[in-house]
Amino acid sequence: MSAVDSPLNQLLSQIDPKRLPRHVGIIMDGNGRWAESRGQDRLVGHREGSRSVRAITRLSRKLGLQALTLYAFSSQNWQRPAEEVAGLMALLREYLVGERDEIMDNDIRLTALGDLDKLPRMVREPLDALMAESAGNGAMTLSLALSYGGREELLMACRALLAEGCAAEALDEARFEQRLYTAHLPQLDLVIRTSGELRLSNFLLWQSAYAEMHFTDILWPDFREEAFAHALLDYQARERRCGKTGAQVRLVSGE
Ligand code: FPP
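Basically this note's numbering = 1-based index in the sequence shown + 280.
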């Protein structure tokens, strides 16, 4: 079989480039179970998971997605054993240093969402450096949710609005969104969660209001290009009504 008609290329050829989600968020779950099922340390799963990060970022860029947001470390993940937290921080640093060229060569802007002040310097420094260096890149925005929680983000936005003296009658959705970590990102259209869990776990709570959900049993370290293509095809099979009727939506899209 030639590369042209490989199973992946066959799947990719079915994706309509005009109907891609603008912004995909991924809850990358199952690293620990992936490793434990092989009798290995959980960190081995996180390391293999970082290879999935690379594969999915590359394909997102190749397909022309505007934004990809990855839930890499939640506000609640600080409660994990110190050894696992330290291992994850080391892996994040390795990723930020090691992926610098790939990110710059592909015109990707790197941003981060979350309480970044909580991150150790060994992560914060390469993160700040790459965010600054890539700030002018425009082909795609890759955001890492780090020390991130959706409830924490909503409270942070409320505090910022109160601090700037925003009057109750001056507050609307647009102004509120300006105070979220995602103010610079397009609307979230698709949320993917791996590993069979069926919940949002505090990920992009405001932003997911009208997002499509794709849940898969595949564990994150095994979630590679074909699984992502299936998720995008699943998204394209949905009708995005956002409160309207199906007839109204089809009228606007000319179907
Ligand atoms: C959830 O799996 C995953 C995490 C808490 C960390 C995600 C981190 C990575 C994918 C690697 C590093 C990230 C980047 C951006 C290089 P889990 O540990 O909760 O798995 P389990 O539910 O099977 O225990």
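For every residue, glycine included, the Cβ atom is placed at its ideal position computed from N, Cα and C. Given the structure is predicted, the values throughout are model-derived calculations rather than measurements.
What is the C-beta distance between residue i and residue j, in whole angstroms, given that I count them as a contact (C-beta under 8 Å)?
{"i": "T349", "j": "A425", "result": "6 Å"}
{"i": "R341", "j": "A419", "result": "7 Å"}
{"i": "L390", "j": "M411", "result": "6 Å"}
{"i": "L451", "j": "S475", "result": "L451 to S475, Cβ: 37 Å. No contact."}
{"i": "L345", "j": "L300", "result": "6 Å"}
{"i": "P406", "j": "L376", "result": "4 Å"}
{"i": "R518", "j": "E492", "result": "5 Å"}
{"i": "Y351", "j": "Y428", "result": "7 Å"}
{"i": "A437", "j": "L460", "result": "5 Å"}
Please return the same chain residues whose Cβ sits closer than 7 Å to the Cβ of residue i, not counting the five positions on each side in sequence.
{"i": "L485", "result": "G430, R431 and L434"}
{"i": "E477", "result": "D309"}
{"i": "L339", "result": "E505 and F508"}
{"i": "H326", "result": "N311, G367, L368 and L371"}
{"i": "P466", "result": "R302, H303, Q346 and A347"}
{"i": "I388", "result": "R341, S414, N417, A419, M420 and L422"}
{"i": "E363", "result": "none"}
Between which two residues does the alpha helix (DSSP H) holding residue i run?
{"i": "H303", "result": "That residue, H303, is in no alpha helix (DSSP H); its beta strand (DSSP E) goes H303 to I307."}
{"i": "Y461", "result": "It is not in any alpha helix (DSSP H) - Y461 carries neither H nor E in the DSSP assignment."}
{"i": "I336", "result": "R322 to L343"}
{"i": "G312", "result": "N311 to E316"}
{"i": "N289", "result": "P287 to Q294"}
{"i": "R404", "result": "R401 to S414"}
{"i": "L372", "result": "A362 to G378"}
{"i": "Q359", "result": "No alpha helix (DSSP H) holds Q359; DSSP gives it neither H nor E."}
{"i": "A511", "result": "E505 to Q516"}
Looking only at C-alpha atoms, which of the options sits nearest to residue i?
{"i": "N289", "options": "L531, G526, H510 and R530", "result": "H510"}
{"i": "L470", "options": "A412, A463, K398 and F495", "result": "F495"}
{"i": "V333", "options": "E405, G378 and R521", "result": "G378"}
{"i": "E506", "options": "K398, L442 and A335", "result": "A335"}
{"i": "G394", "options": "T462, N386 and I307", "result": "T462"}
{"i": "F483", "options": "E382, Q356, K398 and R360", "result": "Q356"}
{"i": "S481", "options": "D285, K298 and G305", "result": "G305"}
{"i": "I472", "options": "F503, W358, T525 and A362", "result": "F503"}
{"i": "L323", "options": "I307, E382, M384 and V365", "result": "V365"}
DSSP beta-bridge partners for residue i?
{"i": "I472", "result": "I306 and H494"}
{"i": "T389", "result": "The displayed chain sequence assigns Arg, not Thr, to residue 389. DSSP lists T421 as partners of R389."}
{"i": "L348", "result": "V304 and L422"}
{"i": "Y428", "result": "S354"}
CB-CB under 8 Å to residue i, same chain, minus the five flanking residues each way: which ones, in chain order?
{"i": "I295", "result": "L343, A509, L512, L513 and Q516"}
{"i": "E328", "result": "N311, W314, A315 and P501"}
{"i": "M402", "result": "M369, A370 and R373"}
Are any of the Cβ atoms in chain D nearer than 7 Å to that of residue i?
{"i": "G526", "result": "Here chain D cannot be found, since the structure has a single protein chain."}
For residue i, I'd like the list of residues in its chain whose CB is within less than 6 Å of its CB, leaving aside the five on either flank, ordered along the chain.
{"i": "G319", "result": "none"}
{"i": "C522", "result": "Y490"}
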